[in-house]
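**Student:** I am attaching a structure below and will ask some questions about it afterwards.
Protein chains: 2
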Amino acid sequence: MSSLRELSRQAVRTRIAEAAEALFLAQGFHETTVDEIAAAVGMSQRSFFRYFASKEEVVLEKFDRQGEELFARLNSRPLDEPEWDSLRACFDVLVVRLNDDAQRDRAIQEIIESCPALLAAQLERVNRFQEQLADRLAARVVARDPEALPDRLVLRALAGAAFACFQAAITYILRGNDDLARLADHLDHTMEALRPLGSVTAAH
Amino acid sequence: MSSLRELSRQAVRTRIAEAAEALFLAQGFHETTVDEIAAAVGMSQRSFFRYFASKEEVVLEKFDRQGEELFARLNSRPLDEPEWDSLRACFDVLVVRLNDDAQRDRAIQEIIESCPALLAAQLERVNRFQEQLADRLAARVVARDPEALPDRLVLRALAGAAFACFQAAITYILRGNDDLARLADHLDHTMEALRPLGSVTAAH
DNA sequence: TCTTTGGTGTCAGTGACTGTCAAAGTGAGG
DNA sequence: CCTCACTTTGACAGTCACTGACACCAAAGA
Chain A
1 MSSLRELSRQ
11 AVRTRIAEAA
21 EALFLAQGFH
31 ETTVDEIAAA
41 VGMSQRSFFR
51 YFASKEEVVL
61 EKFDRQGEEL
71 FARLNSRPLD
81 EPEWDSLRAC
91 FDVLVVRLND
101 DAQRDRAIQE
111 IIESCPALLA
121 AQLERVNRFQ
131 EQLADRLAAR
141 VVARDPEALP
151 DRLVLRALAG
161 AAFACFQAAI
171 TYILRGNDDL
181 ARLADHLDHT
191 MEALRPLGSV
201 TAAH
Chain B
205 MSSLRELSRQ
215 AVRTRIAEAA
225 EALFLAQGFH
235 ETTVDEIAAA
245 VGMSQRSFFR
255 YFASKEEVVL
265 EKFDRQGEEL
275 FARLNSRPLD
285 EPEWDSLRAC
295 FDVLVVRLND
305 DAQRDRAIQE
315 IIESCPALLA
325 AQLERVNRFQ
335 EQLADRLAAR
345 VVARDPEALP
355 DRLVLRALAG
365 AAFACFQAAI
375 TYILRGNDDL
385 ARLADHLDHT
395 MEALRPLGSV
405 TAAH
């Protein structure tokens with residue numbers, strides 16, 4: 001049964017991720033070697049790379065899961081809602097998650113920003129995610145009106161702009177040592193200020 | 205004379221970059237080793253790393269120069285111009301540059317997108333650049349009205365949103381095999397659609 | 001001429017990652 | 001209980017990006 005096998009595989013991944021996170025927190029990302037992580041969970045370096053394609057993935061894999069949740073939230077939004085509002089609602093998934101364990105998430109984000117290569121990898125993931133988000137927004141436009149031709153170009157930019165707001169709010173809090181609980185407020189304020197004038201349904 | 209030394213250093217960097225680019229174009233970024241590049245310009249691997257901090261930097265250094273030009277363009281814009289329009293004007297620096305040698309730039313961008321690590325590094329540079337851009341926009345707000353408190357948070361998001369438009373337009377062209385000459389049109393269209401409603405001068 | 005200084009090659013080393021292979025574990029069927 | 005197929009694992013060797021140390025050399029200046 002492959003699903004059972006998948007389950008145990010996920011369990012091992014979690015064990016690795018927890019051990020790695022502890023080491024990263026204690027001594028930094030760059031200063032921690034894959035050998036150390038592997039030793040901490042009692043496996044060879046070779047096996048570590050059977051569960052994670054890279055050292056970076058250990059830190060960043062959770063974002064993939066959050067991305068899935070964000071898509072699910074998008075599906076639950078009414079079709080006639082303006083895209084900008086739908087995007088704002090989607091971000092609540094991340095906002096809530098960040099408040100669940102604010103202390104730890106802050107520490108993880110600091111780890112990410114402490115290492116340029118890690119931050120870069122995160123940005124690349126976010127970038128890919130924006131592409132997918134634009135696709136789904138386009139699908140929603142068509143679902144709303146099968147005759148409409150969604151403007152893929154504008155939708156891609158719209159997703160990017162929304163994430164720019166989120167990114168700005170997050171780094172504002174992290175850098176200013178503001179409370180993560182105020183993230184929703186900052187995000188509201190920023191997205192309201194950047195709310196676009198135009199419509200997005202018309203094709204280019 | 206340090207300026208003369210800087211000059212020759214820049215000349216060597218250019219020679220390396222040209223040789224490297226030829227190799228990347230011919231056989232791909234990942235498939236080209238630093239040893240090969242060094243051999244192509246007749247130096248040791250060690251010396252290569254005296255001129256470039258990493259293999260990626262060879263491809264991405266030009267963006268730093270373009271960033272400087274973009275800042276200069278921002279300085280030449282009237283202070284009372286809306287930020288969104290100033291940003292659009294700044295991008296003309298990049299648009300013109302991309303039309304100068306469209307064929308080559310397209311090839312380079314394909315190299316970048318062919319390697320996730322390279323794309324990630326580029327996104328990280330763009331991200332840092334947005335931070336600086338937000339700082340300068342804030343300075344312009346103060347220069348316009350010394351009493352005003354610029355909203356750093358919104359300005360950061362604004363810069364990010366503008367780049368999202370640019371990024372969307374570029375990838376739209378590259379993926380759709382559209383002509384790079386139409387970049388300005390796509391950029392106009394996208395930035396017009398995303399033009400923000402709100403003002404940016406009021407502090408949060 | 002002697003010395004200082006900046007650039008260079010060589011060498012050795014680290015660390016992320018990959019391919020290969022043989023051994024060990026695991027479950028189904030005889 | 002044994003066996004056969006299949007998966008997982010560790011050990012090993014190798015590649016490649018990158019770094020530190022050091023000796024060397026050429027040019028510039030005292």
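Top line first, the protein sequences correspond to chains A and B. For the first sequence, my numbering gives the first residue as 1, with consecutive numbering after it. For the second sequence, my numbering gives the first residue as 205, with consecutive numbering after it. Built from N, CA and C at the ideal position, the CB exists for glycine as well.
(1) Just verifying my parser: in three-state terms, what is the DSSP assignment at P116 (chain A)?
(2) Using the Cβ count rule (16 or more neighbours within 10 Å means buried), how would you classify V414 (chain B)?
(3) Can you find the residues in the same chain that come closer than 8 Å, C-beta to C-beta, to Y376 (chain B), ignoring five residues on each side of it along the sequence?
(4) When burial is assigned at 16 or more other CB atoms within 10 Å of the CB, is V126 (chain A) buried or exposed?
(5) Which bits of chain A does A368 (chain B) rub up against, with CB to CB less than 9 Å?
(6) With burial defined as no fewer than 16 other Cβ atoms inside 10 Å of the residue's Cβ, what is the status of V142 (chain A): buried or exposed?
(7) How many Å lie between E21 (chain A) and A243 (chain B) at the Cα?
(8) Taking 8 Å as the cut-off, decide whether the C-beta atoms of A372 (chain B) and A157 (chain A) are in contact.
(9) What residues match up with P400 (chain B) in a beta bridge as DSSP calls it?
(10) Please compile the residues from chain A whose C-beta is within a distance smaller than 7 Å of the C-beta of E328 (chain B).
(11) Taking 6 Å as the limit between beta carbons, can you name the residues of its chain near M395 (chain B), skipping five residues before and five after?
(12) Please confirm whether Q371 (chain B) has its beta-carbon closer than 8 Å to some beta-carbon of chain A.
(13) P196 (chain A) and A397 (chain B): beta carbons closer than 8 Å?
(14) For D268 (chain B), which option in B:D305, B:L298, B:A215 has the closest C-alpha, if you only look at C-alpha atoms?
(15) Assuming contact is defined by CB atoms lying nearer than 8 Å, are L60 (chain A) and R106 (chain A) in contact in what I supplied?
(16) Which residues in the same chain as F228 (chain B) place their Cβ atom closer than 6 Å to its Cβ, once the five residues preceding and following it in sequence are excluded?
(17) Out of A:C90, A:L98, A:Q109, A:L174, state which residue places its alpha-carbon closest to the alpha-carbon of E68 (chain A).
(18) Looking only at its chain, what residues have a beta carbon closer than 8 Å to the beta carbon of M1 (chain A), apart from the 5 residues adjacent to it on each side?
(19) With DSSP run on the structure shown, which of helix, strand or coil describes D35 (chain A)?
(20) Could you tell me if L283 (chain B) is buried or exposed, where buried requires 16 or more neighbouring beta carbons within 10 angstroms of its beta carbon?
(21) Hey, is P354 (chain B)'s beta-carbon within less than 8 Å of any beta-carbon in chain A?
(22) Quick check: the Cα distance between R217 (chain B) and A365 (chain B), rounded to an integer number of angstroms?
(23) Fully enclosed by the region 234-289 of chain B, which alpha helix (DSSP H) runs are 4 residues long or longer?
**Tutor:** The short version:
(1) helix
(2) Residue 414 (chain B) is absent from the model: chain B starts at 205 and stops at 408.
(3) D382, H390
(4) buried
(5) Q130, R156, A157, L158, A159, G160, A161, A162, F163, A164
(6) exposed
(7) 41 Å
(8) yes
(9) A:P196
(10) P116, L119, A120, L123
(11) R292, C369
(12) yes
(13) yes
(14) B:L298
(15) no
(16) T236, I315
(17) A:C90
(18) Confidence is the limiting factor: at M1 (chain A) the pLDDT is only 43, short of 50, which leaves the residue's position unreliable, though a coordinate-based value still follows. Taken in chain order, the list of residues that qualify is empty.
(19) helix
(20) exposed
(21) no
(22) 33 Å
(23) 238-245, 249-255, 259-279
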